[in-house]
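Enquirer: One structure is given below, represented as C-alpha cells, and several questions about it will come after.
In UniProt numbering, the protein residues as written are 1 to 203.
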C-alpha cells in the first residue's frame with residue numbers, strides 16, 4: 001500500500017500500490033519522485049513512483065540484489081548502499097543516473113553493514129552504525145566523498161544499533177530508531193555528536 005499525506009487537510013490519501021510484494025527494501029526521494037529498490041529475497045528490482053501521474057514504473061535494475069540496505073540522493077543521483085544478500089553483509093555501493101537509467105559501481109564501504117542509517121549532507125553521504133552480523137553492531141560512521149570517490153571514517157557515534165533512520169536538516173544529521181530513546185544529532189562541520197531530546201519511548 002502507498003499513502004500520501006495531504007498537508008492542507010491532514011488526511012492520508014491512498015495512492016497506487018507498489019507492484020508485487022515487497023519487504024526490507026530501501027526508499028528515497030529524488031526530483032519529487034520516490035524510488036524503491038531491492039528487498040527480500042535479493043531483489044534487484046527498482047521502481048520509481050511518479051507522483052504527478054500516481055504511477056509506479058520500473059527503472060534500471062541494481063547490479064547486485066540486496067535487502068536491509070539504504071538509499072539516498074546526492075548531487076542529482078541515487079546511491080544504494082550496503083545491505084545483506086542472505087549470506088553476508090555487503091560493502092558494495094551503486095550509483096544511479098536517472099538520465100542513463102543505469103547503476104554503476106562506486107567505491108565500496110570500508111566496513112560492510114546492513115540496516116544502517118544513511119543520509120546525504122553538505123555534498124557527502126554518511127553511513128551511521130548498522131549491523132556487522134546477526135549478533136553484532138558497529139558504532140562506526142563512514143563518509144563518502146563523490147568527488148574523490150572515497151570513503152573515510154569520521155567520529156564514531158555514541159551507540160551501536162541497527163534498523164536506524166537518519167535525516168539531514170540545516171547542515172546536521174538527526175538519528176532515530178534502533179530502539180533508541182534519544183534523538184541524536186551529528187554535525188559534519190565540527191565532527192561532533194550531541195543529544196537533542198529524550199523520547200517518550202524507544203523507537
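No residue lacks a Cβ here, since even glycine has one placed at the ideal position from N, Cα and C.
Taking the straight line between their C-alpha atoms, what separation do you get for residue 165 and residue 58?
Expert: 25 angstroms
Enquirer: Would you kindly work out how many angstroms separate the C-alpha atoms of residue 136 and residue 180, rounded to a whole number?
Expert: 16 angstroms
Enquirer: If you check the beta carbons only, do residue 173 and residue 95 fall under 7 angstroms apart?
Expert: no
Enquirer: Between residue 18 and residue 54, what straight-line distance do the alpha-carbon atoms span, to the nearest angstrom?
Expert: 11 angstroms
Enquirer: Within its chain, find whatever has a CB closer than 8 angstroms to the CB of residue 12; leave out the 5 residues flanking it on each side and keep chain order.
Expert: For residue 12, where only same-chain residues beyond five positions count, the Cβ hits under 8 angstroms are 3, 4, 5 and 6.
Enquirer: With C-beta atoms as the reference, is residue 16 less than 7 angstroms away from residue 32?
Expert: no
Enquirer: Determine the DSSP secondary structure at residue 9, reduced to helix, strand or coil.
Expert: coil
Enquirer: If you scan the stretch 40–92 from start to end, which runs of the alpha helix (DSSP H) of 4 or more residues do you find wholly inside it?
Expert: Within the stretch 40–92, no complete alpha helix (DSSP H) run reaches 4 residues.
Enquirer: When the Cα atoms are used, what is the spatial distance from residue 203 to residue 161?
Expert: 12 angstroms
Enquirer: If we cut at 7 angstroms on Cβ distances, does residue 25 have a partner in chain C?
Expert: Note that chain C does not occur in the displayed structure, where there is just one protein chain.
Enquirer: When you compare each of 39, 76 and 63 to residue 70 by their alpha carbons, which one comes out closest?
Expert: 39
Enquirer: From residue 158 to residue 114, what distance separates their C-alpha atoms?
Expert: 18 angstroms
Enquirer: What number of angstroms, rounded off, separates the C-alpha of residue 77 from the C-alpha of residue 138?
Expert: 27 angstroms
Enquirer: Determine the burial state of residue 200: buried for a count of at least 16 other Cβ atoms within 10 Å of its Cβ, exposed for fewer.
Expert: exposed
Enquirer: Measuring CA to CA, which of 185, 20 and 142 is closest to residue 91?
Expert: 142
Enquirer: Could you pull the start and end residues of the beta strand (DSSP E) that residue 152 belongs to?
Expert: 150–154
Enquirer: For residue 98, which of helix, strand or coil comes out of DSSP?
Expert: Three-state DSSP puts residue 98 in coil, outside helix and strand.
Enquirer: Since residue 30 and residue 127 should fall inside the 8 angstroms C-beta cutoff, what is the C-beta to C-beta distance between them, to a whole number of angstroms?
Expert: In fact, because the Cβ distance is near 18 angstroms, the residues do not count as touching under 8 angstroms.
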